[in-house]
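Here it is as structure tokens:
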């Protein structure tokens, strides 16, 4: 049934795992709540629910000790007899008895796995090591048993990281003890002979040399059977049955890659096994790198850029687990995805130029990279270059003999796309810089402004405008969360992703635990990680936070308390919240917790900035396409709202290109405005939805040409959202045109 623990293995399976798969045995014991290095006494008294498995482990280990010691000694005796060396049965019996006694004593006092290893090793070493005529043969045979048992026992006890090293250490100790005993009993020269023989045997068996030729031949045959006859043979590969193979199998990488095409789960098991076996780790890394490169090439040829950007696939690790090379390739994929999505040739060319720059940076990075993935990525890089070149040629052909259309209407401006369009916000950027840079002030920043006025664009621009500050942009609208845990997880994920992309800086991950305790520890870790730098966390659409806690406001109070503590006590970590609604409209909860917040208001562009944006948005925009009088007319209709300015500009250039004209005139504005009314309908509709009944009535009256008498609260609401002109009329006349057509008609 689902959730049940696997049953404890039978004796034969346990013995095999003890000697050949000690790391997997270690993991199995851990999964069943057993401490592999615990003493037999402690294991026998284990509490429920692990008691049954712990006692089974003790029983199987005892049986292995009692059976393994005489069997190993008998095997050594047979080898000695075949070599023509006499065997002293009484000494052999005494050695077995000593070994079992030592194993039991060590198992009860120290640890079960160590007891079995020492018991078998001591039993053989003492049983044959003292027979002088058989010094060499006995030393070698004893060394074989010492190496195998001590290495396996240490592998069970220590686990993945130190199994082999611990096995070598234990084997050497037992070899030295054997040498000392023989030296004392039968003279130095005989002891030296046995010691040398035992040392060679220990080294050979701990490294599993006797098995290596057979394993290599087996791997070769299995690989070519799968390659030639397409029969799945990876399940029989030695790496899946032997944890401690110390030398590489030459055909294992090719075998895993072949199997991955038909049985990815089996290939994944083989990769996990390679991570355990010391000699196969390099083969596993090469196989994974080759599989990742092939998957990236397949995704690129299919233009599945989203999966590359997220590094999601059968073999890709995801953004959190990615290294520098995959993160660099991800950047190029981001631009290629944007180019595929762009409908304007000017924007597509810009994205493709940035993609080419990213690919060039990745190529330079590969020149000094010696990793397995670095050797596989050149083929992927060549595919991406060919795709970029083809898309660039198409974009150049589409843009020929047309006016470039740089205006952006759907997404916020970013440093990569739209920095030249960012106008009229210099004073606000200076205010943010001064507040963030002041080490004596523990104030957060509140950026307030109406919708579509450029708040998000300003936040997106901060990383380029504040180069000594790591700015983290987190938009609650684009990261919908429904709990405090989801909020902190999404915030930490965005912060780490942006820091790696912008500054190649690894921020600390969110620690485990209850959400607010984890968030507080994470903020503390960010403060420590900042060093001489500063971190600014920008939370956009902050007024949506109340939606996270629709029922229980205690969590909202906890979050606000954490925000207030961060504001008051952090010097290198600062918060910036951005939204539409001022705190006094949200309630006392917000005012109380943001009492030290410094407010920055952002509104519409002024007349000079708006005209400059429309007449010369980018340096390559031809002069006289948009005459000053046309730009002034657009400004009057939009009131300088950045979104509407960009929309008018984009639609105007599109109209000129469709007509084959090179200069706009006032007559072009009427058909352009018809398109504006259609494309900006959601913005206009949202203005009315957010308005109170009194504010909506005032907007409708202003549309009719009436000068309404406004209550102070209504006037304040309209002024804060830049909807009321200084003369008391509608500040955005095109909004009035939409209300007239859609509401009052």
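Residue numbers (our numbering): 370 to 1114. C-beta atoms are modelled at their ideal positions from N, C-alpha and C, and glycine is treated no differently.
Where does the unbroken beta strand (DSSP E) through residue i begin, and where does it stop?
i: residue 909; result: 903-909
i: residue 943; result: 942-948
Do residue j and residue i come within 9 Å of each other at the CB atom, strictly closer than that value?
i: residue 1000; j: residue 980; result: yes
i: residue 928; j: residue 963; result: no
i: residue 1107; j: residue 1049; result: yes
i: residue 1033; j: residue 994; result: yes
i: residue 827; j: residue 814; result: no
i: residue 472; j: residue 434; result: yes
i: residue 887; j: residue 880; result: yes
i: residue 1012; j: residue 823; result: yes
i: residue 1068; j: residue 1105; result: yes
i: residue 635; j: residue 603; result: yes
i: residue 1092; j: residue 1082; result: no
i: residue 476; j: residue 442; result: no
i: residue 670; j: residue 676; result: no
i: residue 837; j: residue 902; result: yes
i: residue 408; j: residue 479; result: yes
i: residue 1073; j: residue 1113; result: yes
i: residue 761; j: residue 718; result: yes
i: residue 577; j: residue 627; result: no
Helix or strand or just coil, what does DSSP make of residue i?
i: residue 1062; result: helix
i: residue 645; result: helix
i: residue 1096; result: coil
i: residue 1040; result: helix
i: residue 1116; result: As shown, the chain starts at 370 and ends at 1114. That puts residue 1116 outside it, with no answer to give.
i: residue 838; result: strand
i: residue 783; result: coil
i: residue 968; result: strand
i: residue 446; result: helix
i: residue 671; result: coil
i: residue 953; result: helix
i: residue 1073; result: coil
i: residue 822; result: coil
i: residue 540; result: Any reading at residue 540 needs caution, since the residue's pLDDT is 48, under 50, leaving its predicted position unreliable; the model's value is listed next. Note: residue 540 maps to helix in three-state DSSP.
i: residue 417; result: coil
i: residue 387; result: helix
i: residue 631; result: coil
i: residue 533; result: Legend: pLDDT at residue 533 = 44, less than 50; position of this residue unreliable, no value from coordinates given.
i: residue 592; result: helix
i: residue 994; result: coil
What does the alpha-carbon distance come out to for the pair residue i and residue j?
i: residue 584; j: residue 639; result: 15 Å
i: residue 933; j: residue 776; result: 39 Å
i: residue 847; j: residue 406; result: 50 Å
i: residue 722; j: residue 715; result: 11 Å
i: residue 833; j: residue 743; result: 30 Å
i: residue 672; j: residue 757; result: 11 Å
i: residue 621; j: residue 592; result: 7 Å
i: residue 459; j: residue 466; result: 11 Å
i: residue 738; j: residue 648; result: 23 Å
i: residue 989; j: residue 698; result: 30 Å
i: residue 643; j: residue 899; result: 38 Å
i: residue 1084; j: residue 924; result: 34 Å
i: residue 1089; j: residue 896; result: 35 Å
i: residue 1062; j: residue 956; result: 20 Å
i: residue 681; j: residue 687; result: 5 Å
i: residue 439; j: residue 410; result: 24 Å
i: residue 431; j: residue 882; result: 41 Å
i: residue 976; j: residue 793; result: 10 Å
i: residue 418; j: residue 390; result: 25 Å
Could you pull the DSSP bridge partners for residue i from this structure?
i: residue 844; result: 909
i: residue 681; result: 686
i: residue 816; result: 947 and 969
What residue range does the alpha helix (DSSP H) around residue i cover?
i: residue 957; result: 957-962
i: residue 1034; result: Careful: residue 1034 lies outside any alpha helix (DSSP H) and carries neither H nor E.
i: residue 353; result: Because the chain spans 370 through 1114 in this model, residue 353 falls outside it and cannot be assessed.
i: residue 1026; result: 1011-1028
i: residue 796; result: 795-806
i: residue 727; result: 714-737
i: residue 976; result: 976-984
i: residue 700; result: 693-710
i: residue 1114; result: No alpha helix (DSSP H) contains residue 1114, which DSSP labels as neither H nor E.
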